[in-house]
Amino acid sequence: MPAVLRRRDRRRFPLRATTGRDAQASFQQEGRTHLMLLQREALLQRTRLLGPAFVAAVAYVDPGNVATNTQAGAAFGYLLLWVLVGATLMAGLVQYLSAKVGWLTGETLPALVARRNSRLPRICYWIQAELVAMATDLAEIVGGAVALNLLFGLPLVTGALITTAVSTGLLFLQNSRSQSTFERVITGMLAIVTIGFLAGLVASPPNLGQAVAGLVPRLSGAESAVLAVGMLGATVMPHAIYLHSALIRDRHGRADPDDAAPMLRTIRMDVGLAMLVAGTVNVGMLLLAASTLFGLNVDGLQAAHSAIGAELGPLIAGLFALALLASGLASTSVGGYAGAVIMDGLLRRRIPILWRRLLTAVPALILLGLGLEPTRLLILSQVILSFGIPFALVPLVRIASDRELMWLVPTRRITIGVAWLVIGIVTTLNLILILLTVAGL
33 MPAVLRRRDR
43 RRFPLRATTG
53 RDAQASFQQE
63 GRTHLMLLQR
73 EALLQRTRLL
83 GPAFVAAVAY
93 VDPGNVATNT
103 QAGAAFGYLL
113 LWVLVGATLM
123 AGLVQYLSAK
133 VGWLTGETLP
143 ALVARRNSRL
153 PRICYWIQAE
163 LVAMATDLAE
173 IVGGAVALNL
183 LFGLPLVTGA
193 LITTAVSTGL
203 LFLQNSRSQS
213 TFERVITGML
223 AIVTIGFLAG
233 LVASPPNLGQ
243 AVAGLVPRLS
253 GAESAVLAVG
263 MLGATVMPHA
273 IYLHSALIRD
283 RHGRADPDDA
293 APMLRTIRMD
303 VGLAMLVAGT
313 VNVGMLLLAA
323 STLFGLNVDG
333 LQAAHSAIGA
343 ELGPLIAGLF
353 ALALLASGLA
363 STSVGGYAGA
373 VIMDGLLRRR
383 IPILWRRLLT
393 AVPALILLGL
403 GLEPTRLLIL
413 SQVILSFGIP
423 FALVPLVRIA
433 SDRELMWLVP
443 TRRITIGVAW
453 LVIGIVTTLN
463 LILILLTVAG
473 L
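Okay, structure coming up:
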């Protein structure tokens, strides 16, 4: 019986002599398998290095963006979709340059600015940067307060206090635990923002033909031009530019000649993915407003929430309010982090987190306590942020173009040229926005 089984096995599984060609094929297969494993491990390693850009990207989905995007979609449908796409591309370039500066120098943008200036200009620069940080906190705290009012009916001042307390706790988390832990928490909030703001598109899908037509640059009257200026001119956020260089430094340290270029490829991927998420959320908000709220009078976050609830039901409205809350909490935490980076870099001083947080949060609490209307406060914050744009962009591009400072991987001339073009466009539009806003107040 065993002999029969052995013969049967030989008939079913005949043995073949191993030839030189077979050995070569086997060796090549093993080599391909080994290469695939190495590529997979390299991809996993690069994935572990992602995160800083997602924290900075929170600035691009803050409550101010929510108000502007919903208003644009409700008033003009898909017309201004091209503005968001162009703004996202420009913001991506700026964020990459900030991250590159932080990686190659091992210093933050405010610290590099301080090094290049004497005491008086440095203090003056700090004052305007601190005003930008306060304006950032104003918009984010207002957004969080409005979200808590929509979800739980809390008074705006109470909601503002809760938003401030939670965001301060997140900053303590960043200070007491690890940088990666803070990044994971903020990225998780960004995921909530993404789901909450895009959920409405499932219930009310956009018109794809009209959406594609919205990618063609065009306007419809003076009002659409003013709104386009507000959307594009206020997209690049000064505090996100200051912060991104610090996020890279705190996460990765300083580059050395062996890993400078490879890490920059990872940084580019990080920025690209983060801006893709932020851009998708902004575009999704405009598409939702265009498909659901077009023709309605949507003036402010509360009006947008009410209109969404009336058109799509309480579930979608609740997700919208939840996303707004996550947006306010995450962005005000990131804004507080940016404020600490600004003070540390320009004044070379660090103060306790609680005092640092109160410095930028108290003005927002006072203004809400005085009973000022939230939409008006968002407009005020937008004007102040617009004022701070050139002070962040010009030093960034000058430092990024310094071949001695960036000697490990000098920035290409064409990249610098495009960056200066972006500065010209954004700065001009922000000046126009300031003039139009002040004239309308």
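Counting in the numbering used here, the sequence shown runs from 33 upward without gaps.
Where a beta carbon is used, it is the ideal one built from N, C-alpha and C, also for glycine.
Item: Ordered along the chain, which non-local residues of its own chain (more than five positions away) have a Cβ less than 7 Å from that of L424?; Value: In the sequence under discussion, the amino acid at residue 424 is Ala, which differs from the Leu named in the question. Result list for A424: P270, I273, Y274, in chain order.
Item: Below 8 Å CB to CB, which residues in the same chain sit around W452 once its five sequence neighbours on both sides are set aside?; Value: V429
Item: Where does E436 land, buried or exposed, given buried means 16+ other C-beta within 10 angstroms?; Value: exposed
Item: What does a CB cutoff of less than 6 Å around A372 pick up in its chain, not counting 5 residues either side in sequence?; Value: R388
Item: Alpha helix (DSSP H) containing W114: first to last residue?; Value: 113-137
Item: Can you list, in chain order, the stretches of the alpha helix (DSSP H) that have 4 or more residues and sit fully within the region 195-262?; Value: 211-235, 240-245
Item: I'd like the ranges of any alpha helix (DSSP H) spanning at least 4 consecutive residues and lying wholly in the region 346-430.; Value: 346-379, 385-401
Item: What's the gap between the Cα of G456 and the Cα of P395?; Value: 31 Å
Item: Figure out for me which residue from G185, L182, L203, A177 has the closest Cα to the Cα of I194.; Value: A177
Item: Round the Cβ separation of A143 and Y92 to the nearest angstrom and send it over; I've been treating them as touching at under 8 Å.; Value: That pair is no contact at about 24 Å.
Item: Hey, how far is the Cα of G324 from the Cα of L467?; Value: Correcting the residue type first, residue 324 is Thr in the shown sequence and not Gly. If you take the alpha carbons of T324 and L467, they lie about 32 Å apart.
Item: So what does DSSP say about A477, is it helix, strand or coil?; Value: It is not possible to answer for residue 477, since the shown part of the chain is limited to 33 through 473.
Item: CB-CB under 6 Å to A349, same chain, minus the five flanking residues each way: which ones, in chain order?; Value: H337, I340, G341
Item: Could you check where the alpha helix (DSSP H) with Y508 kicks off and where it finishes?; Value: Past the boundaries of the shown model lies residue 508; the chain is included only from 33 to 473, so the question cannot be answered.
Item: Considering only residues of the same chain and omitting the five flanking positions on each side of L75, which have a CB-CB separation below 7 Å?; Value: With a pLDDT of only 47 at L75, under the threshold of 50, the placement of this residue in the model should not be trusted; the figure read from the coordinates follows. Hits under 7 Å: none found.
Item: What are the boundary residues of the alpha helix (DSSP H) that F184 is part of?; Value: 151-184
Item: Helix or strand or just coil, what does DSSP make of Y274?; Value: helix
Item: Let's see if you can read the secondary structure: which residues bound the alpha helix (DSSP H) around T298?; Value: 292-324
Item: Within its chain, find whatever has a CB closer than 8 Å to the CB of T459; leave out the 5 residues flanking it on each side and keep chain order.; Value: I421, P422, L425
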